[in-house]
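Everything on this sheet refers to the single structure shown next.
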Amino acid sequence: MTEYYNPQQDPGSEKRLLLVLLISFVGIALTFLFKPPQPPAKPGPEQHQTQPQPSPSPTGTSSAPQAAKNTEGSIKPAVPSLPARQAPNVIETVVENDLYRITFSNQGALVKSWILKKYKDDFGKPLDMVNPATAPVVGYPLSFFTYDKELQKKLNEVLYVSSAVGPQTAPTSLTFEYRDGDTSARKTFKFESSSSYIVGIETEVQHNGQRVQAYPAWPGGFGDQTVLPSYAGARIDWNQNGNITRQAPQSGWFLTGGKKWVVGGQTVSGPFQWAAAVDQYFTAAFMPESPKDAVVVTLHQAVDVPRNLDKPNESEKDKASVLGLAMGSADGLTRERLFMGPKAVDLLESVHAQASGPDLGGILDFGFFGFISKPLFLWLKWTHEHMISNWGWAIAFLTVVITIALLPLRISSMKSALKMQKIQPQIKAINEKYKRYGITDPRKAQMQQEMSELYKKEGVNPLGGCLPLLLQMPFLFAFYSMLGNAIELRQASWLWIHNLAAPDPLHILPIAIAITMFVTQKSTPQAGMDPAQQKMFAFMTPVMMGVISWSVASGLGIYWGLSNILGWLQQLAINRTEFGQQVRKAAERRSTRKK
Numbered sequence: 094m095t096e097y098y099n100p101q102q103d104p105g106s107e108k109r110l111l112l113v114l115l116i117s118f119v120g121i122a123l124t125f126l127f128k129p130p131q132p133p134a135k136p137g138p139e140q141h142q143t144q145p146q147p148s149p150s151p152t153g154t155s156s157a158p159q160a161a162k163n164t165e166g167s168i169k170p171a172v173p174s175l176p177a178r179q180a181p182n183v184i185e186t187v188v189e190n191d192l193y194r195i196t197f198s199n200q201g202a203l204v205k206s207w208i209l210k211k212y213k214d215d216f217g218k219p220l221d222m223v224n225p226a227t228a229p230v231v232g233y234p235l236s237f238f239t240y241d242k243e244l245q246k247k248l249n250e251v252l253y254v255s256s257a258v259g260p261q262t263a264p265t266s267l268t269f270e271y272r273d274g275d276t277s278a279r280k281t282f283k284f285e286s287s288s289s290y291i292v293g294i295e296t297e298v299q300h301n302g303q304r305v306q307a308y309p310a311w312p313g314g315f316g317d318q319t320v321l322p323s324y325a326g327a328r329i330d331w332n333q334n335g336n337i338t339r340q341a342p343q344s345g346w347f348l349t350g351g352k353k354w355v356v357g358g359q360t361v362s363g364p365f366q367w368a369a370a371v372d373q374y375f376t377a378a379f380m381p382e383s384p385k386d387a388v389v390v391t392l393h394q395a396v397d398v399p400r401n402l403d404k405p406n407e408s409e410k411d412k413a414s415v416l417g418l419a420m421g422s423a424d425g426l427t428r429e430r431l432f433m434g435p436k437a438v439d440l441l442e443s444v445h446a447q448a449s450g451p452d453l454g455g456i457l458d459f460g461f462f463g464f465i466s467k468p469l470f471l472w473l474k475w476t477h478e479h480m481i482s483n484w485g486w487a488i489a490f491l492t493v494v495i496t497i498a499l500l501p502l503r504i505s506s507m508k509s510a511l512k513m514q515k516i517q518p519q520i521k522a523i524n525e526k527y528k529r530y531g532i533t534d535p536r537k538a539q540m541q542q543e544m545s546e547l548y549k550k551e552g553v554n555p556l557g558g559c560l561p562l563l564l565q566m567p568f569l570f571a572f573y574s575m576l577g578n579a580i581e582l583r584q585a586s587w588l589w590i591h592n593l594a595a596p597d598p599l600h601i602l603p604i605a606i607a608i609t610m611f612v613t614q615k616s617t618p619q620a621g622m623d624p625a626q627q628k629m630f631a632f633m634t635p636v637m638m639g640v641i642s643w644s645v646a647s648g649l650g651i652y653w654g655l656s657n658i659l660g661w662l663q664q665l666a667i668n669r670t671e672f673g674q675q676v677r678k679a680a681e682r683r684s685t686r687k688k
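Offset between the sequence shown (1-based) and my numbering: plus 93.
What follows is the structure, given as structure tokens:
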């Protein structure tokens, strides 16, 4: 049997081991002492942009060694594996299709101009949706929002390397990248077809080797917001599983119409199917790829805007509430789409936030009477497309049709008012009979019984004069809401008016509304009203209506004024009937006896 030999049992093994270690140590020392010097490395063409940076791992943390200790116990800095990437100067890239022309700047990788080719501004020039007064103050479209304001400032000011320079035509894509020793950022924009308002967005920011929450934003309002009143219609809307929330700039239920108000910098967690910055006619709507991971940050800031657009630098300033929002994914990697375009019914309803998600139709707010105003608008649009090519005359046509449809209600109201005037002597006698009794006196019930018997005998409904008028009010509110949302009326002309969505520049319509209301009231019986009160009412109400209509859209002024004229003609026709003449003669006899 072969004997197994263990070297550790050899008596001289320890001495031989020490000798080997000593020879090895001397050899290593001689190698370091006599190592020839190395020539310096020649700088490459882009060495001025190269700085060390840690290599991120798939989990978002650095995979490079954190530090190494030298022989003196000091800590060596981590050695990054990715070179820096930064452009040497500012450049612009223009991307366009049939609907828009977008100008990107590599300084911040953001949008400096977003022109909608089918729309004009107040001066007849192509409409730029980047607001020149507010964007330099609160930020440009598709800039980054972060909770670290120093990092946000850095991300929106550094020079990104762009994948394309000069004019580009959709469909195409555009990528911006930036890296330094601490931060890396990437933005990729995908432009769909030549006839789409949608832009795809993918962004990612890493700082100190970890992903950070940096969200693409639309912070600075819209280019069609020019003077102070145009900012009042701004909102932030979002859809959470079919529930739409609308937030207005002012606080208070009355000022916002029951809507919540925007707190600047508020973070709201998802899920979100879409979230949008909205003004009267346009919207920037973000649609996340993953609704459950989406986060919305509301933006609200007061900005000085010029009162006179002709001299923006010299005119007085007004404080305007500028609304915006940022939207991204909570995990730091954002994939979403942006719709930047008009609030047209057909267009919004054709855009779905996700493949099986809701469309953007909910951005159009037709108000409390939306069940009336939306069909009215669709009817108006059909009339314009198939019957009357002018929007003003189309509104006039709808007004005539609606007035005819409501004619039975108006006639019922007028007849009721005439009947109430006819029985005023009996009503006054009953009131005189019981006036000495208090409200709690049981005999007051007898008075109400006598009144009811009188109404029944004469066929009078005390609410007959008010109820038909109340039933007509929803149509007025529906018209107001409908015309306030119809972008088709923006800059549409009619006779002397060049923009049916704006107030009458000559104020002819408000004056006509006041006059027609005055003559209508003069010809309408005012049952049971004191003559002095009736006289005051006849003047004060038209003046008040004239003031209210002074600043409403001209399209609504057409409906309002024409409705008053038609109502006056109907009242004249009722007054000329036999019953109307009898009532008027009786009223004149009572007036003569009082004198």
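Backbone N, C-alpha and C define an ideal beta-carbon position, used for all residues, glycine too.
Look at the alpha carbon of A595 and the alpha carbon of K211, and state the distance between them as a whole number of angstroms.
In the sequence shown, the residue the question calls residue 595 occupies position 502. In the sequence shown, the residue the question calls residue 211 occupies position 118. Approximately 19 Å, taken between the alpha carbons.
Neighbour-count burial assignment, P260, 16 or more Cβ in a 10 Å radius
Here residue 260 is taken as the residue at index 167 of the sequence shown, counted from 1. So P260 ends up on the exposed side.
Integer-rounded CB distance, given that D215 should sit under 8 Å from L402:
The residue given as residue 402 occupies position 309 in the sequence shown. The residue given as residue 215 occupies position 122 in the sequence shown. Contact holds; Cβ gap of about 7 Å.
Which residues bound the alpha helix (DSSP H) around G421?
Mapped onto the sequence shown, residue 421 falls at position 328. Segment 410-422 is the beta strand (DSSP E) holding G421; no alpha helix (DSSP H) there.
Throw me the rounded Cβ distance for the V390 and L418 pair, which I believe falls under 8 Å.
Looking up residue 390 in the sequence shown gives position 297. Looking up residue 418 in the sequence shown gives position 325. With a Cβ gap of about 6 Å, V390 and L418 count as contacting.
Less than 8 Å between the C-beta atoms of H446 and M380, yes or no?
On the sequence shown, position 353 is the one that residue 446 refers to. On the sequence shown, position 287 is the one that residue 380 refers to. Residue identity check: residue 446 is Ala in the sequence provided, not His. Contact: yes.
Neighbourhood of A226 by C-beta, 6 Å cutoff - its chain only, sequence neighbours within 5 removed:
Numbered from its first residue, the sequence shown carries residue 226 at position 133. Around A226: V398.
Do L248 and A177 have their CB atoms nearer than 8 Å?
Locating residue 248 in the sequence shown gives position 155, where the first residue counts as 1. Locating residue 177 in the sequence shown gives position 84, where the first residue counts as 1. Against a cut-off of 8 Å, the Cβ pair of A177 and L248 comes out as no contact.
Top-ranked residue by Cα proximity to L599, from F572, D275, V645, D191:
The sequence position of residue 599 within the sequence shown is 506, counting from 1. Selected option, being the one with the closest Cα: V645.
For the region 329-345 against the region 355-369, are there 3 or more C-beta pairs whose distance is under 8 Å?
yes
Please classify Y71: is it buried, with 16 or more other beta-carbons within 10 angstroms of its beta-carbon, or exposed?
Within the shown structure, residues of the chain are numbered from 94 to 688, placing residue 71 beyond reach of any answer.
For R428 and T296, the rounded distance between their alpha carbons:
Position 203 of the sequence shown, counted from the start, is the residue given in the question as residue 296. Position 335 of the sequence shown, counted from the start, is the residue given in the question as residue 428. Their backbone Cα atoms lie some 7 Å apart in a straight line.
Exposed or buried, what is K246 when buried is set at 16 or more other beta-carbons lying within 10 Å of its beta-carbon?
Translated into positions along the sequence shown, residue 246 becomes position 153. The residue is exposed, with fewer than 16 neighbouring Cβ atoms inside 10 Å.
Euclidean distance between Cα positions of W653 and V493:
As a first step, residue 653 must be located in the sequence shown, where it is residue number 560. As a first step, residue 493 must be located in the sequence shown, where it is residue number 400. Near 11 Å, if we compare the C-alpha coordinates of V493 and W653.
First and last residue of the uninterrupted beta strand (DSSP E) at R328
For the purposes of this step, residue 328 is taken as the residue at position 235 of the sequence shown. It spans 328-333 - the beta strand (DSSP E) in which R328 sits, taken as one unbroken run.
In chain order, what residues of the same chain lie with their CB nearer than 7 Å to the CB of Q144, ignoring the 5 residues before and after it?
Within the sequence shown, numbered from 1, the residue matching residue 144 stands at position 51. Its pLDDT being 37, under 50, Q144 is placed unreliably by the model, and nothing is read from it.
How would you call K521, buried or exposed, if buried means at least 16 neighbouring beta carbons within 10 angstroms?
Looking up residue 521 in the sequence shown gives position 428. Result: exposed.
Rounded to a whole number of angstroms, what is the C-alpha to C-alpha distance between S198 and A278?
The residue you call residue 198 lines up with position 105 of the sequence shown. The residue you call residue 278 lines up with position 185 of the sequence shown. Each residue's Cα considered, the two are about 15 Å apart.
In whole angstroms, what separates the C-alpha of L220 from that of Q584?
Taking the sequence shown and counting its residues from 1, one reaches residue 220 at position 127. Taking the sequence shown and counting its residues from 1, one reaches residue 584 at position 491. Whole-angstrom Cα-Cα distance: 12 Å.
Comparing the C-beta of P567 with each C-beta of chain D, is any distance below 8 Å?
Absent from the structure: chain D. Only one protein chain is present.
Note down the Cα distance separating L499 from A666, rounded to an integer number of angstroms.
What you label residue 499 is simply residue 406 of the sequence shown in a count that begins at 1. What you label residue 666 is simply residue 573 of the sequence shown in a count that begins at 1. L499 and A666: Cα-Cα distance of roughly 16 Å.
Look up H300 in the DSSP assignment and give the residues it is bridged to.
By one-based count along the sequence shown, residue 300 stands at place 207. Partner(s): T276, Q303.
Report the residue from D458, F462, L440, F461 whose alpha carbon sits nearest the alpha carbon of D452.
Within the sequence shown, numbered from 1, the residue matching residue 452 stands at position 359. Nearest option by C-alpha distance: L440.
Going by other Cβ atoms of all chains shown within 10 Å of its Cβ, with 16 needed for buried, is V415 buried or exposed?
Sequence index remark: in the sequence shown, residue 415 carries index 322 (1-based). Flag for V415 reads buried.
How is V223 classed by DSSP in three states: helix, strand or coil?
To locate residue 223, count along the sequence shown from 1; it is residue 130. Of the three classes helix, strand and coil, the one that applies to V223 here is coil, per DSSP.
Reduced DSSP category for H479 - H, G, I as helix; E, B as strand; rest coil
Translated into the one-based positions of the sequence shown, residue 479 becomes position 386. Looking at H479 - three-state DSSP - the assignment turns out to be helix.
Quick one: measure Cβ to Cβ for G421 and P309, integer angstroms, because I've assumed they're closer than 8 Å.
By one-based count along the sequence shown, residue 421 stands at place 328. By one-based count along the sequence shown, residue 309 stands at place 216. At roughly 6 Å, the Cβ-Cβ gap stays under 8 Å, so G421 and P309 are in contact.
Give the straight-line distance between the Cα atoms of A263 and G454, rounded to the nearest whole angstrom.
Counted from its first residue, the sequence shown places residue 263 at position 170. Counted from its first residue, the sequence shown places residue 454 at position 361. Near 25 Å, if we compare the C-alpha coordinates of G454 and A263.
Could you name each continuous alpha helix (DSSP H) segment of 4 residues or more that falls completely within the region 478-520, going from the start of the chain to the end?
484-498, 500-515
S198 lies in the beta strand (DSSP E); which residues open and close that run?
Here residue 198 refers to the residue found at position 105 of the sequence shown. Where S198 is concerned, the enclosing beta strand (DSSP E) stretches over 193-198.
I'd like the list of long-range same chain contacts for T476, defined as Cβ closer than 7 Å, with 5 residues on each side in sequence excluded.
Indexing the sequence shown from 1 puts residue 476 at position 383. Hits under 7 Å: A487, F490, L491.
Other residues of its chain near Y527: CB distance less than 6 Å, five sequence neighbours each side excluded
Position 434 of the sequence shown, counted from the first residue, corresponds to residue 527. Sequence-distant partners of Y527 (beyond 5 residues in either direction) whose C-beta falls short of 6 Å from its own C-beta, in its chain, are M540.
Three-state class that DSSP yields for P260 in the structure shown
Here the question's residue 260 lines up with position 167 in the sequence shown. Three-state DSSP puts P260 in a strand.
I606 - containing alpha helix (DSSP H), residue span
Residue numbering aside, residue 606 sits at position 513 when the sequence shown is read from its first letter. Element bounds for I606: 601-615.
What three-state label does DSSP hand F568 in the structure shown?
Stepping through the sequence shown from its first residue, residue 568 is reached at position 475. Helix, per DSSP.
How far does the alpha helix (DSSP H) with N657 in it reach, from first residue to last?
In the sequence shown, counting from the first residue as 1, residue 657 sits at position 564. It spans 647-668 - the alpha helix (DSSP H) in which N657 sits, taken as one unbroken run.
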